[in-house]
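Chains as they are written, first to last, in my numbering: chain A, 6 to 489; chain B, 255 to 753.
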Amino acid sequence: MIRGFEVVIGIETHAQLSTQSKIFSGASTAFGAAANTLASPVDLALPGTLPVANRGAVERAIRFGLAVGARIAPVSIFARKNYFYPDLPKGYQISQYETPVVQGGVVEFFVGDVGHRVQLTRAHLEEDAGKSLHGFAPRDAHAVALYADWSGIDLNRAGTPLLEIVSEPDMRSSAEAVEYARALHALVVWLGICDGNMQEGSFRCDANVSVRRPGAPLGTRREIKNLNSFRFLQQAIDAEVQWQIDLIEDGGAVRQATVLFDPERGETREMRSKEDAHDYRYFPDPDLPPLAIAADWIERVRAAMPELPRHRAERFQRDLGLGAYDAAMMTQSIGVATYFEAVAAASGQPKLAANWIMGEVARRLNASGASEIALPAATLAALIGRIADRTISNSAARQLFEVLWDEGGDVDALIAARGLAQVGDSAELERIVDEVIAGNAKSVAEFRAGKDKAFNALVGQAMKASKGRADPAAVSALLKKKLG
Amino acid sequence: MSHAAPHELGVADLGRALAARELSSVEVTSHLLARFAAHERLGAALVLDGDAALAQARDADRRRAAGDAGPLVGVPIAHKDIFVTRAMPSTAGSRMLAGYRSPFDATVVARLADAGTVTLGKLNCDEFAMGSSTENSAYHPTLNPWDESRVPGGSSGGSAAAVAARLLPAATGTDTGGSIRQPASFCGISGIKPTYGVCSRYGMIAFASSLDQAGVLARSAEDCALVLGAMSGFDARDSTSAERPAQDFHAMLAATRPGASAARPLAGLRIGLPKEFFPAALAGDVEQAIRAALAELARLGAVLVDVELPRTELSIPVYYLIAPAEASSNLSRYDGVRYGHRAEHVADLGELYRASRSEGFGAEVKRRIMIGTYVLSHGYYDAYYLQAQKLRRMIADDFQACFRRCDVIAGPVAPTVAWRLGAQSDDPVANYLADIFTLPASLAGLPGMSVPVGFGAGAMPVGLQLVGNYFGEGTLLHAAHAFQRATDWHLRAPPEGRS
């Protein structure tokens, strides 16, 4: 609830499917090539060319549908969406309209430690358009003289396969929207159907946002287009919500429109209103027969699917005793899940393994910007093993972790070489405690005068003197006995 | 045969003469190029490339010398300018594509080249295959070789006129609503449009994708069979191409029906006559020639049965909603941005589109784009496009009901013989109504053929239409071939006249 309004958000996501070739032609989908070098006659819409559907793109759509528990339509229809734009070579985009390939489905995620479910309306296959490059100037002087303004067109991206995933308006805050988008992003990457590269536009979101008084019917929505980072998604929704509430509180009414988010000014700007919306004249594409997906094709795809994140999370809860939140965190990506499983198995300590991966490992990974964990699972498992068997303390383990992460090495050899083994020997511990009592007369006096804080200082001193190797519980017990 | 002039030989005879080394492809090609030049007034071609043709002819002669016995090696043909070609411009008869060069050959073009044919040039047609007189070509009209004051039909009018005038033994054509059958009928030659999906549409400049189909115009059913066999078959680049093994249509001509004899080769063939194909309005001269041909077919053993195609008249509005709807979308790519005509001195993008398309397209194309845009528009789609699609399915079902009672359907190709140039150019609806007998088979995706069966008013040719069931090309060609073995209408050539 914001300023007495309920926020309602639905999200449309364009996930670029990770096929080698385009959805209706054999041209490559590689990113970053010189302009128009990856545009085939089909992509250029030369006379006489025809589309042929890429089975790899269809298979990825099936994989997605199975992962979200959707219905895979046995027959879906490619339709033409007609409009003129220079980067749309055919004058129409091939998409799916009335009958999409994926129907329904659910995406589950956590906001903090609260679980959420968002229903999907549909997911359909379509082709991407090309790119217009404004401010382009041709080299040919005669051409320059002919027209006042020039724009360049790069059709490399034209025909790139997209899966447009449409959610129901089930989200009630920008935080939910972001976590939904993150979960969806993690899922398509997990499934291997999208590389998830948001900077290159492989995963981009449009957010439909409206606000209403609690209990009132849905408000009029505005659609924020082309948000290509989670941060912008959050900022754009927040700005849009404030704008809509301001407008309504000033007595205005929200008008249905498409808007763009300007991250520099932190505001949304109207691109076009409903009144100038196109009539796309959708009709079934006569060049493409209905897309038939037989049950045995679906079964082949199902058989080749990786274990789904939610199934793996359930298994982690059931077999390894993780809590729901930890299990969800350990299934953010196939890489993390596989790493976690290896560490948990080798150490026999699933909970500790999860804590270390969410804590130290995540911290170092984020700081380095690396996408994969270089520290071998066996090494982290050995380290966790030495914590569990109380050979080393947590603080010693954290020191050792830094060394292992940066330089690698053998856990036991490093414990020995650096003398990090927990002080188990009571004679040594007694010597350390005696030295601390002798050297900290002031703290001792304060403790005896009733200051509990002084006791903690003494424990700290003892830990320091042991170079972190002492068991803090043992130190406390011994100190209490000697001072008591 | 060897004493006949090369232009008097059809595809099969030419193939035999070339195989027997009685003629070389270079000789035939030179001869036909000279005939094209002498008959330039007909306006059959849009472009001829003699040097390239002679080079291909020399290659073909080498193939023959090396023992290649392919029936089409060295046989000259030309393509309707709807097929894109690397070697020559491809315009679709439109100013929009003046000088356009394709970086690839249409599948049909490539297959016929592989079969050894020699390509003389590209043939005139109505702009984007929209029309039935070839008067909608942006370049020039084509004249009917039987009477140069008359149209050759369309849209494959250049193909029909060239074959009828003996400038070529065969030519490719395309048929969306009758564009092979009607000009074949008007020019007194044979023409076949196979089942939708038999010939690849890859490289055919699209008019109405769900209806467009490539085919052949030639003198005889045998010649059609030879060329169709080489150009047809599955093509992975066309998703609507039929995944069926290639067929030897020529071998099917010789098939013997059970109970057939030399005198009755069509014994037991049930020919259905839809009563809607013989309306009161059918011109008497056309009906007379058709009835005579049916009597001949019966003499050859065929059984004539009465059938019904109750939605024949509805096929006109159905076709003229669906075809323009698809065309309006197919022709959106001609926007002046990447290729084709681009208007100069325009102020902004909207004007670039409007001016390029206004200048590049002719009146009939614009008319159909506007109709098509309208019927697909929000609020009209259900009433027009969807309703038309429903009726289209019913029309196809009507044919299936007929084919339970007959093997082939027969009737006239067109209600009249060829009309005079300019006679209908101010009346598009009259043109549309004249398509009544060819549209039903197009909407159903069925194979159709035109077979010359006599002459009507003005000594103009009349064509009999035969429609088969899906993939029944062989049956059509077999029946037409039997008819042509017993008659000589297909051997009649127009008078050489003033050329």
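From the three backbone atoms N, C-alpha and C, an ideal C-beta is built for every residue, glycine too. As the structure is a computational prediction, the values presented were derived from the model and not from experiment.
Check: Ala-424 of chain B, buried or exposed, once every other Cβ within 10 Å from all chains shown has been counted against 16; Outcome: buried
Check: Backbone CA spacing between Arg-674 of chain B and Phe-461 of chain B [nearest angstrom]; Outcome: 26 Å
Check: Thr-428 of chain B at chain A interface by Cβ criterion, 9 Å; Outcome: no
Check: Alpha carbon of Ala-521 of chain B to alpha carbon of Ala-664 of chain B, nearest angstrom; Outcome: 16 Å
Check: Complete runs of the alpha helix (DSSP H) confined to the stretch 665-701 of chain B [at least 4 residues]; Outcome: 682-687, 693-698
Check: C-alpha gap between Val-480 of chain A and Ala-393 of chain A, whole angstroms; Outcome: 19 Å
Check: Contact with chain A by Arg-752 of chain B, beta-carbon distance below 9 Å; Outcome: Confidence at Arg-752 of chain B is low in this model, with a pLDDT of 44, below 50, so its placement is unreliable and the value that follows should be read with caution. False, the Cβ-Cβ gap to chain A never drops below 9 Å.
Check: Proximity of Pro-666 of chain B and Gln-719 of chain B at Cβ, strictly below 9 Å; Outcome: yes
Check: CB contact below 9 Å: Asp-602 of chain B versus chain A; Outcome: yes
Check: Burial state of Phe-3 of chain A, where buried means 16 or more other Cβ atoms lie within 10 Å; Outcome: Residue 3 of chain A is absent from the structure shown; chain A starts at 6 and stops at 489.
Check: Beta-ladder partner(s) of Ala-472 of chain B, from DSSP; Outcome: B:Ala-424, B:Ser-444
Check: Alpha-carbon to alpha-carbon, Ile-28 of chain A and Leu-167 of chain A; Outcome: 8 Å
Check: Cβ pair count under 8 Å reaching 3, the stretch 179-192 of chain A against the stretch 625-637 of chain B; Outcome: no
Check: Gly-483 of chain B classed as buried or exposed, judged by whether at least 16 other C-beta atoms fall within 10 angstroms; Outcome: buried
Check: Identified DSSP bridge partners for Gly-708 of chain B; Outcome: B:Val-716
Check: C-alpha distance - Ser-753 of chain B paired with Gln-310 of chain B, whole-angstrom precision; Outcome: With a pLDDT of 42 at Ser-753 of chain B, under the threshold of 50, the predicted position of this residue should be treated as unreliable, and no value is reported.
Check: DSSP three-state assignment for Val-282 of chain B, whether helix, strand or coil; Outcome: helix
Check: Sub-9 Å separation of Gln-337 of chain A and Ala-191 of chain A beta-carbons; Outcome: yes
Check: CB contact flag (Gly-304 of chain B, Thr-396 of chain B, <9 Å); Outcome: no
Check: Closer than 9 Å to chain A by CB, Glu-580 of chain B; Outcome: yes
Check: Euclidean distance between Cα positions of Val-540 of chain B and Arg-76 of chain A; Outcome: 57 Å
Check: Spatial distance of Asp-292 of chain A from Ala-360 of chain B (CA atoms); Outcome: 16 Å
Check: Where Lys-447 of chain A sits in the DSSP three-state scheme; Outcome: helix
Check: Contact with chain A by Asp-492 of chain B, beta-carbon distance below 9 Å; Outcome: yes
Check: Test item: CB-CB of Asp-380 of chain B and Glu-389 of chain B under 9 Å; Outcome: yes
Check: Contact the stretch 28-45 of chain A vs the stretch 64-82 of chain A: 3+ CB pairs below 8 Å; Outcome: no
Check: Cross-chain neighbours of Pro-219 of chain A in chain B, by beta carbon under 9 Å; Outcome: Simply none; closest approach about 35 Å.
Check: Entirely enclosed alpha helix (DSSP H) segments - the stretch 48-91 of chain A, minimum 4 residues; Outcome: 60-72
Check: Segment contact, 8 Å Cβ cut-off, at least three pairs: the stretch 85-102 of chain A with the stretch 59-72 of chain A; Outcome: no
Check: Other residues of its chain near Ile-576 of chain B: CB distance less than 8 Å, five sequence neighbours each side excluded; Outcome: Ala-462, Ser-464, Leu-465, Tyr-639, Ala-642, Gln-643, Arg-646, Leu-697
Check: Closer than 9 Å to chain A by CB, Tyr-607 of chain B; Outcome: yes
Check: Which of helix, strand or coil DSSP assigns to Tyr-205 of chain B; Outcome: No information on residue 205 of chain B is available, as it lies outside the stretch 255 to 753 that chain B covers here.
Check: Contacts around Ser-30 of chain A, its chain only, beta-carbon distance under 6 Å, and the 5 residues preceding and following it disregarded; Outcome: Ser-45, Val-47, Asp-48, Gly-164
Check: Residue closest to Ala-517 of chain B, alpha-carbon to alpha-carbon, out of B:Glu-550, B:Phe-358, B:Tyr-574; Outcome: B:Glu-550
Check: Environment of Met-255 of chain B [buried if 16+ CB atoms lie within 10 Å]; Outcome: At Met-255 of chain B, the pLDDT of 44 sits below 50, so the modelled position is not reliable; the number obtained from the coordinates is stated separately. Classification of Met-255 of chain B: exposed, given that the 10 Å Cβ count is below 16.
Check: Lys-620 of chain B, DSSP secondary structure in three states; Outcome: helix
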